[in-house]
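J.: So for the sequence shown, the working numbering puts the first residue at 57; every next one is plus one. Where is the CB? At the ideal position from N, CA and C, for every residue including glycine.
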Amino acid sequence: IKLFTHAELIEKKGSIGNFDIKVKTGDETLPLHIGAFIVNTGFEDYTPETGEYGFGKFDNVITLPQFNRLIDNPGKDLIFKGKKIQTIAYIYCVGSRQDEEGENKYCSRNCCTSAIHSAIRAKNKFRNITNLHYNRGIRTYGKQELLYDESSKNGDIYLQFSLENIPQIEQKGNRTFIKVKDILTAGRELEAEADLIVLVTGMVPRQNESLVHLLKLPVGRDKFFNEIHMKLRPVETVMDGVFIAGTCQSPKNILETLNSSMAAAAKANSVLTKGEISLEPTLAMVNPAACIFCDQCFAACQFDAITESDYEGRKVAKIIESNCKGCGMCTPVCPTDAIDLSGFTNAQIEGMIDALAE
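1. Can you list, in chain order, the residues of its chain whose CB lies under 6 angstroms from that of P121, leaving out five sequence neighbours each side?
2. Hey, P223 and I147 are a contact pair by Cβ (cut 8 angstroms); roughly how many whole angstroms apart?
3. Identify which residue in R289, S152, K330 has its Cα closest to the Cα of G258.
4. Would you kindly report the start and end of the unbroken alpha helix (DSSP H) that includes T169?
5. Using a Cβ-Cβ cut-off of 7 angstroms (strictly less than) and excluding sequence neighbours within five positions of Q216, which residues of its own chain qualify?
6. Near C167, which residues of its chain fall below 6 angstroms by C-beta distance, leaving aside the five closest residues on each side in sequence?
7. Just verifying my parser: in three-state terms, what is the DSSP assignment at C304?
8. If the criterion is Cβ atoms closer than 9 angstroms, does the pair L273 and I300 meet it?
9. According to the Cβ coordinates, are G302 and S326 closer than 9 angstroms?
10. Could you tell me if V275 is buried or exposed, where buried requires 16 or more neighbouring beta carbons within 10 angstroms of its beta carbon?
11. If you follow the alpha helix (DSSP H) that Y204 is part of, which residue opens it and which one closes it?
12. In or out: F99 buried (at least 16 other Cβ within 10 Å) or exposed?
13. Check the C-beta distance from K381 over to V294 and give it rounded, since I have them as a contact under 8 angstroms.
14. Quick one, which of E336, V95, T61, K58 has its alpha-carbon nearest L270's?
15. Closer than 8 angstroms is the cut-off here; do at least three beta carbon pairs connect the stretch 370-379 with the stretch 59-77?
16. Mind checking which residues open and close the alpha helix (DSSP H) that includes D410?
17. Would you list the one or two residues that DSSP bridges to Q263?
18. Using DSSP with H/G/I as helix, E/B as strand and the rest coil, what is Y109?
19. In this structure, how does DSSP classify G399 when only helix, strand and coil are distinguished?
20. Report the residue ranges of all alpha helix (DSSP H) runs contained in full by the stretch 331-370; include only those spanning at least 4 residues, in chain order.
21. Mind checking S266: buried by the 16 CB within 10 Å criterion, or exposed?
22. Would you kindly report the start and end of the unbroken beta strand (DSSP E) that includes S164?
23. Ends of the beta strand (DSSP E) at I77?
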């Protein structure tokens, strides 16, 4: 196993089982020969906009990752900016499950568990801590429900809100108050004072434009990478030899990330150890005698399935069969009709039309 840190993929050629790549590490560029890619580039924490729930406006409003670093500090009391913290308010679904105007309409899955786990740690580590959880419905599924149960037994208070009535934060002097219409008490308006407000931020896709371009990774509406089928082919992409795993694919917790990573590794191993792959019967074909190498098919192909080759002393297009998906995008752009799809050539289609007319 070779591990490269701070590395960047800068070039990729070839097809499944036979990729030639270049990886830049510092000032050095390494040429490597590999058989497959497993993309596991992770996620970014959502950064609230200035003013969102008081973030960047009030000094005592922080995000959950910042709070986790804060409670790692030693001491019997929780201190933030010189002030002793006793009442902590957690506001859930910040950056997830947004309304029509927001981009992130998905649930980040791990936020509820992470917030509750952090609240339990704070309660067990520091004295006289009160936890207030402002949520839109707790989603601690599976064994994570045990954390929810422990938090409830610790005396944590849960208040539920909707997008139509999100918590309102107001500062009066040096005191911070949160007002909300609580669904669990039939819409009763409740106000509480908090020493610290923790925004439970969700997962957003990591910026990977160069990798998307090089590996032709499919990106979904949520900006995460797309698999072929979530049940039947959950770690495969439309590019043969390129597999995805972890939170670059969708929000996941640690166990789900490990499971998808092992699945991708197993799938890559099962493909590469076969020694051969099965191709689809419908593939593009180039008539080299008619090809004028105009480059239009290169631009139309989304799967890196066309390369250049020599034919009778001149350059012509050549199909890389292991990459070709038989989509037919290259055939209509060819000005000389040099490209056909096997099973769907012009002569065959015209024959079908003639037979139908008869």
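T.: Let me spell this out:
1. D101
2. 6 angstroms
3. S152
4. 167-181
5. N191, R192, G193, D238, I239, L240
6. V256, G258
7. helix
8. yes
9. no
10. exposed
11. 201-209
12. buried
13. 7 angstroms
14. V95
15. yes
16. 402-413
17. According to DSSP, Q263 bridges with nothing at all.
18. helix
19. coil
20. 352-356
21. exposed
22. No beta strand (DSSP E) contains S164, which DSSP labels as neither H nor E.
23. 74-81
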